[in-house]
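What follows is a set of notes on a single structure, which appears directly below.
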Amino acid sequence: MNLFSPFGPSTGAIGFLPGSDFSGPQSGRVGNTEIDAVRAATQTAASTENLHGGGSSAIVAANQALTRFAPMVHGAVSASLRRSLFEAVGNLSSVVGYTAFDAGEFPDADRYFQFALWCADSAGSWDLRASALADMARRSAFVGDPDSALSLIELAQVRSDRLTFTVRAMLSAMRAQYLAASGRTHEVVSEVACADELFEAREPDADPPWMCFYDTAEHLGSTGKALALAAEALNSIDVAAPRLRYAIDMQGSEYPRSRTFSQIRLAVLTMTVGDPRDAAAIGMEAVVRSRALRSARIATELRGLAAVASTHRRITEVGALRALIVTTTSREPAS
340 MNLFSPFGPS
350 TGAIGFLPGS
360 DFSGPQSGRV
370 GNTEIDAVRA
380 ATQTAASTEN
390 LHGGGSSAIV
400 AANQALTRFA
410 PMVHGAVSAS
420 LRRSLFEAVG
430 NLSSVVGYTA
440 FDAGEFPDAD
450 RYFQFALWCA
460 DSAGSWDLRA
470 SALADMARRS
480 AFVGDPDSAL
490 SLIELAQVRS
500 DRLTFTVRAM
510 LSAMRAQYLA
520 ASGRTHEVVS
530 EVACADELFE
540 AREPDADPPW
550 MCFYDTAEHL
560 GSTGKALALA
570 AEALNSIDVA
580 APRLRYAIDM
590 QGSEYPRSRT
600 FSQIRLAVLT
610 MTVGDPRDAA
620 AIGMEAVVRS
630 RALRSARIAT
640 ELRGLAAVAS
650 THRRITEVGA
660 LRALIVTTTS
670 REPAS
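So the sequence shown is numbered by my numbering: it starts at 340 and just counts up by one.
Okay, structure coming up:
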């Protein structure tokens, strides 16, 4: 018995994905060819979501892929391939969940994340378990519940000796964010230092495929976000701004949404403890970039920037930024 499993011994996949047919012909014999097909579908879904956000067409395509491949977890598979199968399907479910999360479809995202966690539990995969819990934490934090997010991250850190250094660095960076959001700013700097140390020790070749996104730019953006949340209490823009600037400069063309998030966070930080005119210039660029994305999360963060900027609304550049955010975030989302 896995003492850390949230599922009872009789829990099945159908409870998470009631629309999937787990008894049909797709749940027959599963081999390397089928597992490779799941991985290819995951890569396509993740690339689309990263480039364009969680718009309606991305959700539909990703959900169709999961509906097609999820029944494989009840197929006939050799013992040597069982873990690979469950990890592949669980990873796909995480990507589909993140697509729904980015589009603001939270109940659907919850089901997909829970199915990913069930797959991790069934596979005995600690790295996938940690990643699924991290996704759940992001969702909790986004809706204003950093305490639950912190609990989920600390649950993910159980038996961290089983996790790769990259996964541990990601979890530590996220824990720093939720400490900051919970008002425990005195702990943030040391947690970021821990995340940096873990990231320095990473061995990318040992990482599972779903951690390919967590590169130097992502780490700087994630730790920069944590420090930005604490910057006002620490009364220093420089504690976070350099990390966010490096993240913006280093984000590859395949991650435009991540770059936009970092720009918004740098604009909020600069608006709060820096020069509001500089903040407006950074924010303007972020708004322009956001127009290529269909992301409810981006729209929410832009509205947050507009709210922070209200203190300086009489400055011409800031007023123009706030007006542009209103126009941009009120558009009808395209598919």
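Here a beta-carbon is modelled for each residue, glycine too, at the ideal position from N, C-alpha and C.
Inset, instruction - Name the two residues that bound the continuous alpha helix (DSSP H) containing residue 505. - result: Here residue 505 refers to the residue found at position 166 when the sequence shown is read from its first residue. Counting along the chain, the alpha helix (DSSP H) containing residue 505 begins and ends at 504-520.
Legend entry - residue 512 versus residue 374: straight-line alpha-carbon distance, rounded: Residue 512 sits at position 173 when you count from the first residue of the sequence shown. Residue 374 sits at position 35 when you count from the first residue of the sequence shown. Approximately 31 Å between the Cα atoms of the pair.
Legend entry - Beta carbon of residue 488 nearer than 8 Å to that of residue 479: Walking along the sequence shown from the start, residue 488 turns up at place 149. Walking along the sequence shown from the start, residue 479 turns up at place 140. A contact, by the Cβ cut-off of 8 Å.
Inset, instruction - Compare the C-alpha of residue 467 against each of 442, 499, 636 and name the closest. - result: Within the sequence shown, numbered from 1, the residue matching residue 467 stands at position 128. When only C-alpha atoms are compared, the closest one is 499.
Inset, instruction - Look at the alpha carbon of residue 585 and the alpha carbon of residue 608, and state the distance between them as a whole number of angstroms. - result: Counting from 1 along the sequence shown, the entry for residue 585 is found at position 246. Counting from 1 along the sequence shown, the entry for residue 608 is found at position 269. Straight across, the Cα-Cα distance linking residue 585 with residue 608 is about 15 Å.
Inset, instruction - Could you work out which residue in 573, 383, 606, 574 is closest to residue 583 when comparing CA atoms only? - result: Residue numbering aside, residue 583 sits at position 244 when the sequence shown is read from its first letter. Closest by alpha carbon: 606.
Inset, instruction - Pull up the distance between the alpha-carbon of residue 393 and that of residue 477, whole angstroms please. - result: Translated into positions along the sequence shown, residue 393 becomes position 54. Translated into positions along the sequence shown, residue 477 becomes position 138. C-alpha separation (whole angstroms): 15 Å.
Inset, instruction - Below 6 Å CB to CB, which residues in the same chain sit around residue 622 once its five sequence neighbours on both sides are set aside? - result: Indexing the sequence shown from 1 puts residue 622 at position 283. Excluding sequence positions up to five before and after residue 622, its CB lies within less than 6 Å of the CB of 606, 644, 660, all in the same chain and listed in chain order.
Legend entry - Residue from 504, 554, 473, 484 whose Cα sits closest to the Cα of residue 493: Residue 493 sits at position 154 when you count from the first residue of the sequence shown. Ranking 504, 554, 473, 484 by Cα distance to residue 493 puts 473 first.
Inset, instruction - Take every Cβ of the stretch 638-654, pair it with every Cβ of the stretch 610-626, and state whether three or more of those distances are shorter than 8 Å. - result: The stretch 638-654 vs the stretch 610-626: in contact.
Legend entry - Complete runs of the alpha helix (DSSP H) confined to the stretch 579-649 [at least 4 residues]: Those alpha helix (DSSP H) runs which fall completely within the stretch 579-649 and span 4+ residues are 580-589, 595-612, 615-629, 635-648.
Inset, instruction - Could you say if the stretch 513-529 and the stretch 563-579 meet the contact criterion of at least three C-beta pairs nearer than 8 Å? - result: They touch, by the three-pair rule.
Inset, instruction - Determine the burial state of residue 551: buried for a count of at least 16 other Cβ atoms within 10 Å of its Cβ, exposed for fewer. - result: In the sequence shown, residue 551 corresponds to position 212, counting from 1. Result: exposed.
Inset, instruction - Could you check what DSSP says for residue 379 in three-state terms: helix, strand or coil? - result: On the sequence shown, position 40 is the one that residue 379 refers to. Of the three classes helix, strand and coil, the one that applies to residue 379 here is helix, per DSSP.
Inset, instruction - Give a yes or no on whether the C-beta atoms belonging to residue 377 and residue 402 are separated by under 8 Å. - result: As a first step, residue 377 is located in the sequence shown; it is residue number 38 there, counting from the start. As a first step, residue 402 is located in the sequence shown; it is residue number 63 there, counting from the start. In this structure, residue 402 does not lie closer than 8 Å to residue 377 by Cβ.
Legend entry - Own chain residues within Cβ distance below 7 Å of residue 415, not counting five before or after: Within the sequence shown, the letter at position 76 stands for residue 415. Taken in chain order, the residues that qualify are 367, 368, 369.
Inset, instruction - Have a look at the DSSP bridge pairing and note the partners of residue 368. - result: Counting from 1 along the sequence shown, the entry for residue 368 is found at position 29. As computed with DSSP, residue 368 is found in a beta bridge with 415.
Inset, instruction - Report yes if the C-beta distance between residue 631 and residue 656 is below 8 Å; otherwise report no. - result: Reading the sequence shown from its first residue, position 292 is the one you call residue 631. Reading the sequence shown from its first residue, position 317 is the one you call residue 656. No.
Legend entry - Straight-line Cα distance separating residue 625 from residue 404: By 1-based counting over the sequence shown, the position of residue 404 is 65. By 1-based counting over the sequence shown, the position of residue 625 is 286. Answer to the nearest angstrom: the Cα atoms are 32 Å apart.
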